[in-house]
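Written out below as structure tokens is the structure these notes cover.
Numbering (my numbering), first residue to last: 7 to 78.
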């Protein structure tokens, strides 16, 4: 069994709750336009979701460990 190594959680307590499962490209773009969140916030939420479900799904072979830096 392989174990995927992910960057540590980046979700900060008290910040806007972002659920990637409920978002579309249009809602992400609108949120960026309103200043509701930054790309790194969305990437962090996606990483947290991957971290939560990957042990059950075993769906990823590789995850870009620099994606938070890229988003910033």
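Glycine is no exception: its CB is placed at the ideal position from the N, C-alpha and C atoms.
In the DSSP assignment, residue 58 falls within the unbroken alpha helix (DSSP H) covering 45-63. With fewer than three CB-CB distances shorter than 8 Å, the region 59-68 does not count as touching the region 31-48. Taking 7 Å as the cut-off, the beta carbon of residue 46 is found closer than this to the beta carbon of residue 78. Using a Cβ distance threshold of 7 Å, residue 51 and residue 26 count as a contacting pair. Annotation: the continuous alpha helix (DSSP H) that includes residue 31 extends over 31-40. Residue 77 sits in a helix when the DSSP states are folded into three classes.
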